[in-house]
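**Q** Can you read through this structure? Questions will come right after.
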Ligand SMILES: Cc1ncc(COP(=O)(O)O)c(C=O)c1O
């Protein structure tokens, strides 16, 4: 063991979303290197990157095509501001992203990460309505259990109390609606037989207050950080129609779902709709470098296009906006999509994965098995009939995480939800191995607190 690195980590580092006391007597997993779908620790032990390194790795780690794109760029131009100057990788990437998304999406605004991609959409929407002489449209609608990032703006529209309640006193007011969670339906309906009654609160709100509303922001088909809650494309389709009917913007946060993870390039495609703003990050660079992008239409862009004296400029930018190396990584990732036909490839992997997950349903403490593309989640419950949850203090997820590590899996359950978020490069054999190892962890009663 590399004692000095362990000691230095504890001395100097404060890790994100981590209770540091958990590591008072325990070592952190120090990753030494990665290859393909695997991470290797300092002792050479191999771990399958079951959660794609926080949902961003697409084609496996260190993909040679992407390495080549980035290293070529490293010898040409490392960084330059994007205000008043431009560069080839950002220009070519913007062109490719416009071609990849659907009309009328036509303009790309780069930023640094998923939170900023969403912040940009919120600010653009707000400013757009001011330019259109509708300044009263200054509130947003979001969903309970929604997650859009950790900045103050995105937290104000977040609906995960565990993450957001400490900051509530400074978050701005917004309209929060029930989450369309089929397993725990807020309208007490059964999936398949419902009429999407969960959209009624949206329609009621818009009928009464749409003149105060700038936009509705949500994660399409999957509320990821809120507990891997999945909902049907029909909900998204109807919600999009309501936003049009009541003249508010639709902001789709595809930071997590974008770039193939749901089986289509973008999750909105499943619903046959196009948002006013599309927020991208994570898979944008295949997970290699940090980057965010907000995609919008000429209609929005043109409202900002004016003589300087009119002060309609969008005053937003980050030092590393459109960074050439990150842009090159994104171009490299899109090249891999084209060369490896990644989207075609996963069409046979996805049903195989979903089928493999079916075996979990029989387990006494698995309340729900839900899958979307390369993502599958298991919601663990104390009682299947009442759907009683394990309490926070029982730490079911933590036990599963530790057992997963022993088996060579990086499972990082969210509360009582164990999930797989697999790279698009996962093979059939790897799916079988991951599902089997995950089963060994989840099926063992010793790993489930409170039984
Ligand atoms: C849907 C969604 N939006 C926004 C974010 C925030 O992205 P970042 O962590 O890059 O700021 C995340 C991160 O997990 C996310 O899942």
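Numbering (our numbering), first residue to last: 434 to 884.
Note that the Cβ used here is the ideal one computed from N, Cα and C, for glycine as well.
1) According to DSSP, residue 469 sits in a beta bridge with which residue or residues?
2) Output needed for residue 444: all residues of its chain with C-beta closer than 7 Å, excluding positions within five of it in sequence on either side, in chain order.
3) Comparing alpha-carbon positions, which option in 794, 817, 652 and 781 lies nearest residue 548?
4) Taking just the CA atoms, how far does residue 735 sit from residue 850?
5) Taking the C-alpha atoms as reference points, what is the distance between residue 787 and residue 809?
6) Please go through the same chain and pick out, in chain order, the residues whose beta-carbon is closer than 7 Å to the beta-carbon of residue 718, but skip the five residues on each side of it.
7) Measure the CB-CB distance between residue 468 and residue 579 and report whether it falls below 8 Å.
8) Helix, strand or coil for residue 706? Go by DSSP, reduced to three states.
9) Measure from the C-beta of residue 713 to each C-beta in chain B and report whether the shortest distance is under 8 Å.
10) Would the C-beta of residue 804 count as close to ligand 1, meaning under 7 Å from any of its heavy atoms?
11) What first and last residue would you give for the alpha helix (DSSP H) that runs through residue 861?
12) What are the boundary residues of the alpha helix (DSSP H) that includes residue 854?
13) When you measure from the CB of residue 798 to every non-hydrogen atom of ligand 1, does any distance come out below 7 Å?
14) What are the uninterrupted segments assigned as beta strand (DSSP E) that are 3 or more residues long and contained completely in the segment 551 to 581, given in chain order?
15) Using a strict less-than 6 Å threshold between each residue's beta carbon and the heavy atoms of ligand 1, what residues do you get?
16) Could you tell me the alpha carbon to alpha carbon distance between residue 665 and residue 631, rounded to whole angstroms?
17) Is residue 757 near residue 594, with beta carbons less than 8 Å apart?
18) Answer with buried or exposed for residue 560, where buried requires no fewer than 16 other C-beta atoms within 10 angstroms of its C-beta.
19) In angstroms, rounded to a whole number, what distance separates the CA positions of residue 673 and residue 509?
20) Less than 8 Å between the CB atoms is what I'm expecting for residue 495 and residue 858, so what's the real figure, rounded?
21) Is the segment 835 to 850 touching the segment 812 to 823 in the sense that three or more CB pairs, one from each, lie closer than 8 Å?
22) My guess is that residue 783 and residue 660 are in contact by the Cβ rule of under 8 Å, so how many angstroms apart are they, rounded?
23) Rounded C-beta distance between residue 800 and residue 865? I'm assuming under 8 Å.
24) Could you tell me if residue 861 is buried or exposed, where buried requires 16 or more neighbouring beta carbons within 10 angstroms of its beta carbon?
25) Per DSSP, what kind of secondary structure is residue 547 in: helix, strand or coil?
26) Would you kindly work out how many angstroms separate the C-alpha atoms of residue 640 and residue 675, rounded to a whole number?
27) So the candidates are 553, 728 and 855; which of them puts its Cα closest to the Cα of residue 534?
28) Apply the 10 Å Cβ neighbour rule to residue 500 and answer buried if 16 or more other Cβ atoms are within range, or exposed otherwise.
29) What are the boundary residues of the beta strand (DSSP E) that includes residue 730?
30) If you follow the beta strand (DSSP E) that residue 771 is part of, which residue opens it and which one closes it?
31) Expressed to the nearest angstrom, what Euclidean distance is found between the alpha-carbon atoms of residue 773 and residue 474?
32) What residues in its chain sit with their C-beta under 8 Å from that of residue 872, if we drop five residues either side in the sequence?
33) Can you grab the Cα-Cα spacing for the pair residue 531 / residue 770, in whole Å?
34) Using only CA atoms, which one of 488, 438, 442 and 461 lies nearest to residue 856?
35) Exposed or buried, what is residue 446 when buried is set at 16 or more other beta-carbons lying within 10 Å of its beta-carbon?
36) Going by DSSP, name the residue or residues bridged to residue 812.
**A** Judging by the given coordinates:
1) Residue pairing of residue 469 in beta bridges, as defined by DSSP: 494.
2) So the list is empty, once near-sequence residues are dropped.
3) Restricting attention to 794, 817, 652 and 781, the CA atom closest to the CA of residue 548 is found in 652.
4) Using only the alpha carbons, I get a separation of about 44 Å.
5) Going by the C-alpha atoms only, they are around 7 Å apart.
6) These residues qualify, in order along the chain: 724, 759, 762, 763 and 766.
7) Not in contact: residue 468 and residue 579 (Cβ atoms no closer than 8 Å).
8) Residue state for residue 706 is assigned as coil, using DSSP reduced to three classes.
9) In the structure shown, chain B cannot be found, because there is only a single protein chain.
10) Incorrect: residue 804 has no Cβ contact closer than 7 Å to ligand 1.
11) 861 to 875 is the extent of the alpha helix (DSSP H) around residue 861.
12) Where residue 854 is concerned, there is no enclosing alpha helix (DSSP H), although the beta strand (DSSP E) it sits in stretches over 850 to 854.
13) No heavy atom of ligand 1 is found nearer than 7 Å to the CB of residue 798.
14) You should have 572 to 576.
15) Going along the chain, the residues that qualify are 546, 547, 548, 551, 580, 581, 582, 652, 657, 658, 686, 688, 689 and 714.
16) Straight-line measurement puts the Cα of residue 631 at about 12 Å from the Cα of residue 665.
17) Judged by their CB atoms, residue 757 and residue 594 are not nearer to each other than the 8 Å cut-off.
18) Flag for residue 560 reads buried.
19) It is roughly 43 Å from the alpha-carbon of residue 673 to the alpha-carbon of residue 509.
20) Contact doesn't hold; Cβ gap of about 12 Å is too wide.
21) The segment 812 to 823, when compared against the segment 835 to 850, does touch it at the 8 Å Cβ threshold.
22) Rounded, the Cβ-Cβ distance is 21 Å, inconsistent with contact.
23) Actually they are not in contact, since the Cβ atoms of residue 800 and residue 865 sit about 24 Å apart, beyond 8 Å.
24) Burial call: exposed.
25) Residue state, collapsed to three classes: helix.
26) When the Cα atoms are used, residue 640 and residue 675 turn out to be separated by approximately 10 Å.
27) Ranked by Cα distance from residue 534, the options 553, 728 and 855 are led by 728.
28) Residue burial annotation: residue 500 is exposed, with fewer than 16 other C-beta atoms found within 10 angstroms of its C-beta.
29) Taken as a continuous stretch (DSSP letters only), the beta strand (DSSP E) holding residue 730 covers 725 to 730.
30) Per DSSP, residue 771 belongs to no beta strand (DSSP E); it is in the alpha helix (DSSP H), 757 to 773.
31) If you draw a straight line from the Cα of residue 773 to the Cα of residue 474, it is about 28 Å long.
32) Hits under 8 Å: 792 and 793.
33) Cα-Cα distance, rounded: 16 Å.
34) Closest option to residue 856, Cα to Cα, is 488.
35) With fewer than 16 Cβ atoms within 10 Å of its Cβ, residue 446 is classed as exposed.
36) Answer is 801 and 850.
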